[in-house]
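**Student:** Mapping the sequence shown onto the numbering used here, position 14 (from 1) lands on 15, and the numbers just tick up by one.
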Amino acid sequence: MPEFELVTPATPDEAIATLRASAPGDVAVLAGGTDLAGDLDQGRVAPRRVLSLRRLPWRTLDWNGESLTIGSTLPLRTLELDADLARRLPGLYAAVRAVGSVTVRHRATIGGNLGRAAPASDLVPMLLALDAEVELLGPDGLRTITVDRLVRASRETALGPAELIRAVRIPEARPSAYLWQRVRPFHDISHMAVAVAFSPSRRSWRVAVAGFPPRPLLVPEAESALAGTRPDLVSVERAAEAVGRHAPIVADRRASEEYRRRLVRPLLRRAVAAAGGGGA
Ligand SMILES: Cc1cc2nc3c(=O)[nH]c(=O)nc-3n(C[C@H](O)[C@H](O)[C@H](O)COP(=O)(O)OP(=O)(O)OC[C@H]3O[C@@H](n4cnc5c(N)ncnc54)[C@H](O)[C@@H]3O)c2cc1C
């Protein structure tokens, strides 16, 4: 691993100032390090400085009525163990538990998962289905952006060069589910995953798919097919067809396009049923 200077600012302002003072590519941001350590080790990045977020006061978790705000550096294991998560946001609970192993989740963070913007991320599709918003802190202060706008493509985000993810806000508790297919749990990432959530305030469904490049995405055509609180089997079939027709499912070195397409129907049917929406 090449040598670098480790910088551990104590305040968010110091962290932003460090980023501003560094040329892009000269500095890498370190949260839990489960992605970055591999990148450094394999020479995919070679920064002169590594900016650790360890001392920043962002390991937070706040329920405010129905909404949940998760600090970007909170370890996923702490989120998973929250007493209310599984009951109020079962889809997010399942997505968090899908990330690697308990050991990985002791270090991995939600900010790192978004910052990595991997096509097979387990958190991004669920956050899309939950209409999550992301608080970004930069030289001009705070701004809020949707996950859909933040995650642009594989390893590409809308983060400015001196911006950090401060927190993720989920507006309301939602019946939701997250289902994935992979060969070996704990070791592999998903070949195909489906996230669904029903919004009680909008009385409508969200459907997101993930696992293939360039990024996890919402499928609005599938959402309109799932009309009503408890869509019947016919609606779920229509939604699965809509995913097949409108989601740009492709092959990569991990799975063929045909295999992924075959997974849509059973995953969606089971996810809608798990979220309390009838189905099968
Ligand atoms: C064995 C193993 C198994 C894994 N399995 C899965 C899996 O099943 N599903 C899955 O989704 N992921 C998986 N991962 C990937 C990884 O654990 C997750 O993406 C994790 O959430 C990354 O968080 P981190 O804090 O470790 O990120 P880090 O490695 O610290 O950071 C990753 C990137 O995000 C950026 N970043 C981090 N925090 C911020 C911030 N606050 N603001 C701005 N940018 C930031 C940095 O630029 C950095 O390059 C696995 C990793 C390993 C090693």
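All C-beta atoms, glycine included, are put in the ideal place defined by N, C-alpha and C.
1. Under the rule that 16 or more other beta-carbon atoms within 10 Å means buried, what is residue 281, buried or exposed?
2. If you follow the beta strand (DSSP E) that residue 153 is in, where does it begin and where does it stop?
3. Tell me the DSSP secondary structure of residue 245 in three-state form.
4. Is any heavy atom in ligand 1 found nearer than 7 angstroms to the beta carbon of residue 122?
5. Is residue 126 closer than 8 angstroms to residue 241 when the C-beta atoms are compared?
6. At 3 residues or longer, what runs of the beta strand (DSSP E) sit wholly inside the region 97-148?
7. Does residue 158 come out as helix, strand or coil in the three-state DSSP assignment?
8. Suppose you measure from the CA of residue 10 to the CA of residue 72; what does that come to, to the nearest Å?
9. Hey, is residue 100 close to ligand 1, as in C-beta under 7 angstroms from one of its heavy atoms?
10. Going by DSSP in three states, residue 197 sits in which element: helix, strand or coil?
11. Can you tell which of 31, 158 and 229 has the C-alpha that lies nearest to the C-alpha of residue 201?
12. Per DSSP, what are the beta-bridge partners of residue 64 in this structure?
13. Are the CB atoms of residue 262 and residue 278 nearer to each other than 8 angstroms?
14. By the three-class DSSP mapping on this structure, what secondary structure does residue 36 have?
15. For residue 169 and residue 111, I'd like the C-alpha separation in whole angstroms.
**Tutor:** According to the structure data:
1. With a pLDDT of 49 at residue 281, under the threshold of 50, the predicted position of this residue should be treated as unreliable, though the coordinate-derived value follows. Per the 10 Å Cβ criterion, exposed.
2. Unbroken beta strand (DSSP E) run through residue 153: 152-154.
3. When secondary structure is reduced to three states using DSSP, residue 245 falls in the helix class.
4. Distances between the C-beta of residue 122 and the heavy atoms of ligand 1 include at least one below 7 angstroms.
5. Not a contact, by the Cβ cut-off of 8 angstroms.
6. Runs found: 134-139 and 142-147.
7. Strand, per DSSP.
8. Taking the CA atoms as reference points, residue 10 sits about 17 angstroms from residue 72.
9. Correct: residue 100 has its Cβ closer than 7 angstroms to ligand 1.
10. Note: residue 197 maps to strand in three-state DSSP.
11. For the residues 31, 158 and 229, the minimum Cα distance to residue 201 belongs to 229.
12. Paired residues: 69.
13. Going by beta carbons, residue 262 and residue 278 fall outside the 8 angstroms limit.
14. Note: residue 36 maps to coil in three-state DSSP.
15. Approximately 8 angstroms between the Cα atoms of the pair.
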